[in-house]
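This report refers to the structure that appears directly beneath it.
Residue numbers (our numbering): 2 to 405.
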């Protein structure tokens, strides 16, 4: 009898622990979703609207448009590479909250900007952003159970995609009666929401967290993720900066109509990531190669698109690899790193993304002057093909990360 009572108590304790774990998971997911949607919606609005503001309000040329885009990404790169990895979790948490406070301020400053002040405001925006995403993605990867970890990373990615549907949809509507300057004000409220949840974002609780160091750069999970993300970010850095300008000049549609393409692009991306959150991938290589093939084929086809409606369909198809490659790459980091080195690895992962986002717009701006937009996008397809070949070569060496 006494034994049965003990077994019953043990079962109740297990059930209670499971309930607590589920509640903790739901709580973590809610905070993650709110933080990610706020940060990404505002950031995407800034990086996609800044080129229009520079070109159509301040009469910048294509190369200058590329440079102003690279200023934001360059500032973010410096923070994610040289500052965030060197900070311990308690300090990083305070800086993270301060950065969330700086974002609403930049929304006001962009509204009052001029051709000269636009540059330092872009720097402040990039610096603040540099402290947001590495810490949010690290928060998503802290759970010890691999499948829960994969699901949280997929939920984080879904949140990013949801923000990229919410933001462009809102902006497409607002641009029908607001200017490129005024558009920054409605996003002020969304940035304040991010500030409100910032104290609840989880940070690593390890006794000896690794900060900086060359060792992290040699981590196999990080190396693999950097090559895989190249397939994604080389073409999409150009797409984000020049897609609307390309649509306006190639198909002679209004700026609001051209911007609406982002809705279809990011909607497909969100659906892809939602599917990955519901059924996380265990084997990553096959989905990665499939996504790379769609990216390469779409970029090669782009110069031959005859109409805006077909262009919209192609952009919707491109949303599939946009939705899948980033979460797969972040999963490769999580699978190949230990908790104490994950913050540094994620910082370098995000830094590399920012390097590409900083270089590609400028490079693409120069390419567009010599080859035109369509052929320049096709050339980026060749670069994505090279990255895919490199990833295929790594598969044999790091198979356990891909197939776990």
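Quick reminder that beta carbons are idealized off the backbone N, C-alpha and C, glycines included.
Treat the numbers as computed from the prediction; the structure is a model and nothing was measured.
Once the 5 residues before and after residue i are set aside, which same chain residues still bring their CB inside 7 Å of it?
i: residue 114; result: 122
i: residue 154; result: 141, 142, 328, 331, 332, 335
i: residue 65; result: 55
i: residue 302; result: 315
Under a Cβ-count criterion, where at least 16 other Cβ atoms within 10 Å of its own Cβ denotes burial, should residue i be classed as buried or exposed?
i: residue 400; result: exposed
i: residue 285; result: buried
i: residue 308; result: exposed
i: residue 292; result: buried
i: residue 161; result: buried
i: residue 227; result: buried
i: residue 382; result: buried
i: residue 247; result: buried
i: residue 261; result: buried
i: residue 240; result: buried
i: residue 88; result: buried
i: residue 225; result: buried
i: residue 283; result: exposed
i: residue 370; result: exposed
i: residue 368; result: buried
i: residue 116; result: exposed
i: residue 53; result: buried
i: residue 69; result: buried
Select from the options the residue whose C-alpha is nearest the C-alpha of residue i.
i: residue 159; options: 360, 325, 134; result: 325
i: residue 318; options: 272, 221, 138; result: 272
i: residue 108; options: 184, 36, 37; result: 184
i: residue 341; options: 262, 237, 206; result: 206
i: residue 204; options: 403, 306, 136; result: 136
i: residue 150; options: 27, 388, 49; result: 27
i: residue 265; options: 323, 30, 95; result: 323
i: residue 170; options: 117, 250, 263; result: 263
i: residue 79; options: 111, 256, 356, 69; result: 356
i: residue 281; options: 297, 156, 371, 393; result: 156
i: residue 237; options: 94, 365, 102, 24; result: 365
i: residue 48; options: 295, 235, 387, 71; result: 71
i: residue 296; options: 231, 223, 120, 53; result: 231
i: residue 235; options: 178, 276, 177, 300; result: 300
i: residue 396; options: 349, 374, 29, 290; result: 290
i: residue 63; options: 358, 95, 243, 44; result: 243
i: residue 361; options: 112, 380, 254; result: 380
Between which two residues does the alpha helix (DSSP H) harbouring residue i extend?
i: residue 62; result: No alpha helix (DSSP H) contains residue 62, which DSSP labels as neither H nor E.
i: residue 122; result: 119-131
i: residue 82; result: Taken as a continuous stretch (DSSP letters only), residue 82 belongs to no alpha helix (DSSP H), as it is neither H nor E.
i: residue 323; result: 309-337
i: residue 371; result: 340-372
i: residue 142; result: Neither: residue 142 is in no alpha helix (DSSP H) and is coded neither H nor E.
i: residue 225; result: 221-252
i: residue 107; result: 90-112
i: residue 289; result: 286-302
i: residue 256; result: 256-260
i: residue 404; result: 400-404
i: residue 192; result: 188-198
State yes or no: is the C-beta of residue i within less than 7 Å of the C-beta of residue j?
i: residue 245; j: residue 259; result: yes
i: residue 312; j: residue 306; result: yes
i: residue 201; j: residue 32; result: yes
i: residue 76; j: residue 127; result: yes
i: residue 81; j: residue 351; result: yes
i: residue 337; j: residue 152; result: no
i: residue 134; j: residue 85; result: no
i: residue 223; j: residue 393; result: no
i: residue 344; j: residue 130; result: no
Quick one: what's got a C-beta closer than 8 Å to residue i's C-beta in the same chain, skipping five residues either side?
i: residue 105; result: 189, 192, 193, 196
i: residue 180; result: 58
i: residue 167; result: 38, 42
Flag residue i as yes if its beta-carbon sits less than 7 Å from any beta-carbon of chain C, otherwise no.
i: residue 309; result: Protein chains in the displayed structure number just one, and chain C is not present.
Between which residues of its own chain and residue i is the CB-CB distance below 6 Å, once the five residues before and five after are set aside?
i: residue 110; result: 122
i: residue 252; result: 309
i: residue 270; result: 162, 320, 323, 324
i: residue 378; result: 300, 303
i: residue 386; result: 297
i: residue 384; result: 235
i: residue 45; result: 165, 168
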